[in-house]
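First the structure, in the form of structure tokens, and then the observations on it.
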Amino acid sequence: MSVARALFFLAFAVASYASGFMVAVVHRTTGWLAQYLNHGRVDLFYLTVAAIAVANVCARWYRFKKTNL
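Counting in the working numbering, the sequence shown runs from 1 upward without gaps.
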């Protein structure tokens with residue numbers, strides 16, 4: 001039980017670091033995330049997050065075709 005709990009919290013930690021990394025990359029490359037949220041383009045950031053989620057779902061459904069070699 002303690003190993004499963006440790007892996008569960010490890011997954012949350014990795015997801016948190018990945019989220020912070022994505023925010024930093026988007027902020028540095030596009031400037032959408034301003035100091036004051038009313039001056040930024042947070043809608044485009046969430047659109048990017050949604051596009052990544054859709055790409056993830058499509059990648060899970062995709063199956064390679066078998067080739068006869």
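All C-beta atoms in this analysis are idealised placements derived from N, C-alpha and C, irrespective of residue type, glycine included.
Compute the Euclidean distance between the alpha carbons of residue i and residue j, then round it to the nearest angstrom.
i	j	result
H27	N68	47 Å
F64	N56	16 Å
A6	A53	26 Å
V23	L37	14 Å
T29	M1	42 Å
L33	A18	17 Å
Output the boundary residues of the alpha helix (DSSP H) element that contains residue i.
i	result
Y17	S2 to T30
Under a three-way DSSP split, which group does residue i fall into?
i	result
N56	helix
N38	helix
F64	coil
L33	coil
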